[in-house]
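Student:
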Amino acid sequence: MTDAPRPAATESTADAVEKPSYVAASSIDDIIRVEEVSDAEFFIGDLFRRRFHGDPPNYPRHFVAFYQPVRSRLEAVGFVHYLKHEDSYLCGGLVIDERRYRQMPADHRRVIKAAGGIAEKLLRVTFAKLADAPAIWGYVGDALAEKVDLKVGFRHTEHKHIMVCWNKALSAEEKEQRLAKVAALGPF
C-alpha cells in the first residue's frame, strides 16, 4: 500500500497573516462616530499639520470623526473646530484624512459615500450638538467644502467667503449686525 499524496505545504497558522474581520456596515453610524475631545493634538495633530501647515487650535471646541474598521479599534479620520464668538460659533479647520479613506474597504467607502461623506457626517453631528447657538459661521474658500457646507445647512452671505447656518429666527436687522461683526474678524 502506498501513501496517498500529501497536499503541498503551506504557511503554518502561526506564520499566516489573518485578514482583519471588518465591521459589517449598513449605515455610516456603524463605522463613523463623532466625539468632542479636549486635546485635538493627540488625535489629529499630524493630519491637521499636513493639511494646514500649522498646529491645531489648543482652545475649545474640538470634534473628531473616528472610524471603526474592526471591533475595538478606532482611527481618527476627520476633525472640525468651533470657537465661541459671543453667543454663536466660528467653524473652521475641517479636515478629512483622504489617505485613510482610500485605504478603507470598498464596502465601507460605499456606505460612507452614500451618507454624504465623513465631512457631512462630522458637520451634521456637530451642528446638532451646537444647535443652542443662534448661528454657526464658516469662512469657506474651497469649492468642495462649500458644496458640503451647503448640504448641511450653511448659506451664503453677501461676503464672499462667509457662510452661516442660522439656528434661531432672527430679524433681518439682527442678522446683518451679526454678519458685520463676523466679517470684521477677517479670515478665521
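If you count by the working numbering, then the sequence shown holds residues 102 to 289, one letter each, in order. Yeah, the Cβ is synthetic: ideal placement off N, Cα and C, and Gly gets one too. What you are looking at is a predicted structure, and each value in this text was computed from that prediction instead of being measured.
Could you tell me which whole beta strand (DSSP E) segments of length 3 or greater appear in the region 142-172?
Tutor: Counting only runs of 3 or more, we get 163-168.
Student: Output the boundary residues of the beta strand (DSSP E) element that contains residue 177.
Tutor: Taken as a continuous stretch (DSSP letters only), the beta strand (DSSP E) holding residue 177 covers 176-186.
Student: Where residue 242 and residue 289 are concerned, what is the direct C-alpha to C-alpha distance, given to the nearest angstrom?
Tutor: So the alpha carbons of these two residues sit roughly 11 Å apart.
Student: Taking residue 195 as the reference, which of 268, 210, 207 and 141 has the closest Cα?
Tutor: With distances taken between Cα atoms, residue 195 lies closest to 141.
Student: Are the Cβ atoms of residue 164 and residue 181 separated by less than 8 Å?
Tutor: Taking 8 Å as the Cβ cut-off, residue 164 and residue 181 qualify as a contacting pair.
Student: Nearest-angstrom Cα distance between residue 239 and residue 188?
Tutor: Spanning the two alpha carbons is a distance of roughly 15 Å.
Student: Roughly how many angstroms lie between the CA atoms of residue 211 and residue 274, to the nearest whole one?
Tutor: Rounded to whole angstroms, residue 211 to residue 274 spans 44 Å at the Cα level.
Student: Select from 266, 265, 221 and 160 the residue whose C-alpha is nearest the C-alpha of residue 249.
Tutor: Nearest C-alpha to residue 249: 221.
Student: Give me the Cα-Cα distance between residue 153 and residue 287, rounded to the nearest whole angstrom.
Tutor: C-alpha separation (whole angstroms): 17 Å.
Student: Among the candidates 145, 139 and 214, whose CA atom is the shortest distance from the CA of residue 177?
Tutor: It is 145 whose Cα lies nearest to the Cα of residue 177.
Student: If you draw a straight line from the alpha carbon of residue 159 to that of residue 143, how long is it in whole angstroms?
Tutor: Approximately 11 Å between the Cα atoms of the pair.
Student: Confirm, please, whether the CB-CB distance from residue 260 to residue 236 is below 8 Å.
Tutor: No, Cβ-Cβ distance for residue 236 and residue 260 is not below 8 Å.
Student: At the level of alpha carbons, what is the spacing between residue 136 and residue 231?
Tutor: Each residue's Cα considered, the two are about 13 Å apart.
Student: Grab the span of the beta strand (DSSP E) containing residue 195 for me, first residue to last.
Tutor: Taken as a continuous stretch (DSSP letters only), the beta strand (DSSP E) holding residue 195 covers 189-197.
Student: Any idea what DSSP makes of residue 126, helix, strand or coil?
Tutor: Residue 126: coil per DSSP, three-state reduction.
Student: Do the CB positions of residue 202 and residue 192 come within less than 8 Å of each other?
Tutor: Result no, Cβ atoms of residue 202 and residue 192 do not sit closer than 8 Å.
Student: First and last residue of the beta strand (DSSP E) that includes residue 137?
Tutor: Looking at the DSSP string, the run of the beta strand (DSSP E) that includes residue 137 is 133-138.
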